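In what follows, a structure is listed as structure tokens, so that the remarks can point back to it.
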Amino acid sequence: MMDKENNTRDYSYTMHMTSYFGGETKESESKTMFKKPNMIKSIVTEPGKENQTVSVSDGNILWSYTPDTNTVTKIKISKTSELTKNDYTNIIDDFLNDTNVTVLGVENVDGRKTYLLETTPKENDGDYELIYKTKIWVDQETWMPLRYETYNGDGNRTMKLEIQDLQVNTGLPDSEFKFEVPEGAKIVDLGEIKPPEKLSLEEARKEASFKILTPEYLPEGYEFNNSMVYNNSQFSPENQSFETVEITYTKDEAFISLAETVSTNQSSDSTIMDRGEDIQINGIDGKYLSMGKTKLLMWKLGEVNLSLCSSLEKDEMLKIAESISEKA
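Take 1 as the starting number for the sequence shown in the numbering used here and just add one per residue.
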């Protein structure tokens with residue numbers, strides 16, 4: 001697959017994605033074009049909407065058009081950015097390293113002959129509400145994945161991703177990656193966006209606009225590693241800005257991640273967490289979700305939405321959450 005990718009100059013395809021989270025089916029379709037070394041174009045269409053969301057990068061500037069607000073954002077791509085990194089080989093590499101892989105056979109997908117692979121966790125050490133088993137159809141000619149399907153621990157399908165009309169090395173012209181601003185659209189120039197820096201807790205407290213909450217209890221051996229502050233206020237649509245502080249604690253290779261978010265728009269897409277278990281944290285309603293090794297706990301204190309993520313057992317997760325207080 002890596003050898004084939006090294007000889008690929010450009011490709012294009014249409015991707016159809018269907019999710020089945022929370023008893024609700026959602027669909028979307030996107031058209032993607034990629035040309036080495038770093039040109040990419042994506043056009044996303046959602047059912048019921050005539051207008052399309054467009055992202056185009058020529059390797060130097062990333063343009064994004066949001067039709068709902070008729071707004072174009074312009075971002076200068078930093079040298080450290082990986083926005084256009086071709087990562088399907090990395091995804092497969094992760095599957096090979098982190099899961100048990102079985103070849104189920106050969107099947108035709110969109111007129112192409114593929115190898116059908118099935119992956120399952122190497123260690124069955126938890127509940128798998130979202131993804132336990134994954135099926136991947138790999139094209140025998142191009143060695144690119146043409147379809148993914150994920151299944152939860154009960155065997156129910158949670159997501160289907162299909163790649164259609166795959167075209168490889170057709171000589172895509174550079175003109176495909178030149179963006180034209182729609183008539184009347186507002187342009188927001190964000191300059192160069194750099195990844196957030198890793199900060200000490202004291203530095204994060206100075207940068208954040210709200211009081212950062214920290215746990216009084218941590219399992220033995222876990223220590224503070226870093227914190228990061230994200231703020232989208234400079235480019236978010238009106239009344240949709242948020243600020244997030246992420247604190248990471250580590251013990252050898254294990255980690256605990258605590259994310260705290262304050263948003264001007266309290267509505268959020270909680271479809272995934274709808275599958276979680278209802279729990280109580282110091283009398284406050286919350287949600288707990290196990291995804292195999294990864295466990296997720298979500299609740300709210302005042303204006304702050306909290307999300308705790310780790311590989312710890314449920315009792316330890318709750319103990320950490322219960323030690324977090326607005327008064328601390």
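Beta carbons are placed, not taken as given, at the ideal position from N, Cα and C, and that holds for glycine. Because the structure is a prediction, the values reported are computed rather than measured.
Problem - Distance, Val56 Cα to Glu27 Cα - result: As a first step, residue 27 is located in the sequence shown; it is residue number 27 there, counting from the start. As a first step, residue 56 is located in the sequence shown; it is residue number 56 there, counting from the start. Cα to Cα, the separation comes out at about 22 Å.
Exercise for the section: Look at the Cβ atom of Lys295, then the Cβ atom of Lys314, and state whether they are nearer than 8 Å. Expected result: Taking the sequence shown and counting its residues from 1, the one referred to as residue 295 is at position 295. Taking the sequence shown and counting its residues from 1, the one referred to as residue 314 is at position 314. Going by C-beta atoms, Lys295 is nearer than 8 Å to Lys314.
Problem - For Met1, the first and last residue of its enclosing alpha helix (DSSP H) - result: The residue given as residue 1 occupies position 1 in the sequence shown. First-last for Met1: undefined, no H or E at that position.
Exercise for the section: Classify Ala185 as helix, strand or coil using the three-state DSSP reduction. Expected result: As a first step, residue 185 is located in the sequence shown; it is residue number 185 there, counting from the start. In the structure shown, Ala185 sits in coil (DSSP, three-state: anything other than H, G, I, E or B).
Practice task
Tell me whether the beta-carbon of Phe242 lies closer than 8 Å to the beta-carbon of Ser209.
Solution key: Walking along the sequence shown from the start, residue 242 turns up at place 242. Walking along the sequence shown from the start, residue 209 turns up at place 209. Result no, Cβ atoms of Phe242 and Ser209 do not sit closer than 8 Å.
Handout entry: Separation of Pro196 from Leu190, as counted between CA atoms
Key = The residue labelled residue 190 in the question sits at position 190 within the sequence shown. The residue labelled residue 196 in the question sits at position 196 within the sequence shown. Approximately 15 Å between the Cα atoms of the pair.
Problem - Rounded separation between Ile303 and Gly286 - CA only - result: Numbered from 1 along the sequence shown, position 303 holds the residue referred to as residue 303. Numbered from 1 along the sequence shown, position 286 holds the residue referred to as residue 286. Note that residue 303 corresponds to Glu in the displayed sequence, not to Ile. One C-alpha to the other measures close to 14 Å.
Problem - Counted within 10 angstroms of its Cβ, other Cβ atoms place Val72 as buried (16 or more) or exposed - result: Counting from one through the sequence shown, the residue named residue 72 turns up at place 72. Result: buried.
Problem - Contained beta strand (DSSP E) runs [length at least 3] in the region 11 to 89, N- to C-terminal order - result: 26 to 35, 39 to 45, 53 to 57, 61 to 66, 71 to 76
Practice task
Give the DSSP-derived three-state secondary structure of Ile92 in the structure shown.
Solution key: Residue mapping note: residue 92 aligns to position 92 of the sequence shown, counting from 1. Residue state for Ile92 is assigned as helix, using DSSP reduced to three classes.
Handout entry: Reduced DSSP secondary structure (H/G/I, E/B, other) of Leu318
Key = Here residue 318 is taken as the residue at index 318 of the sequence shown, counted from 1. Helix at Leu318.
Handout entry: Buried or exposed (CB count within 10 angstroms, at least 16 for buried), Val106
Key = Taking the first residue of the sequence shown as 1, we reach residue 106 at position 106. Exposed.
Exercise for the section: Can you tell me which of Ser175, Ile75, Thr53, Tyr230 puts its alpha carbon nearest to the alpha carbon of Leu199? Expected result: To locate residue 199, count along the sequence shown from 1; it is residue 199. Selected option, being the one with the closest Cα: Tyr230.
Exercise for the section: With DSSP as the reference, please indicate the residues paired to Gln164 in a beta bridge. Expected result: In the sequence shown, counting from the first residue as 1, residue 164 sits at position 164. Bridge partners of Gln164: Thr14.
Exercise for the section: Could you tell me how far apart the beta carbons of Tyr217 and Thr250 are, in whole angstroms, since I believe they sit closer than 8 Å? Expected result: Position 217 of the sequence shown, counted from the start, is the residue given in the question as residue 217. Position 250 of the sequence shown, counted from the start, is the residue given in the question as residue 250. With a Cβ gap of about 16 Å, Tyr217 and Thr250 do not count as contacting.
Exercise for the section: Keeping to the same chain, check which residues put their C-beta closer than 6 Å to that of Asn51; ignore five residues upstream and five downstream. Expected result: Taking the first residue of the sequence shown as position 1, residue 51 is located at position 51. Cβ neighbours of Asn51 beyond the five flanking positions: Pro67.
Practice task
Label Met15 either buried or exposed according to how many other C-beta atoms from any shown protein chain fall within 10 Å of its C-beta, with 16 as the threshold for buried.
Solution key: Stepping through the sequence shown from its first residue, residue 15 is reached at position 15. Flag for Met15 reads buried.
Practice task
Starting from Glu207, follow the alpha helix (DSSP H) in both directions and report where the run begins and ends.
Solution key: Position 207 of the sequence shown, counted from the first residue, corresponds to residue 207. 201 to 207 is the extent of the alpha helix (DSSP H) around Glu207.
Practice task
Provide the residue(s) that pair with Ile357 in DSSP beta bridges, ordered along the chain.
Solution key: Look at the range of the chain in this structure, 1 to 328, and you will see that residue 357 is not part of it.
Practice task
Just the C-alpha distance for Val44 and Thr32, rounded to the nearest angstrom, thanks.
Solution key: Locating residue 44 in the sequence shown gives position 44, where the first residue counts as 1. Locating residue 32 in the sequence shown gives position 32, where the first residue counts as 1. Spanning the two alpha carbons is a distance of roughly 9 Å.
Practice task
Have a look at Met317 and Tyr288 and give me their C-alpha separation to the nearest angstrom.
Solution key: Start at 1 with the first residue of the sequence shown, and residue 317 comes out as number 317. Start at 1 with the first residue of the sequence shown, and residue 288 comes out as number 288. Put simply, the backbone Cα of Met317 is about 9 Å away from that of Tyr288.
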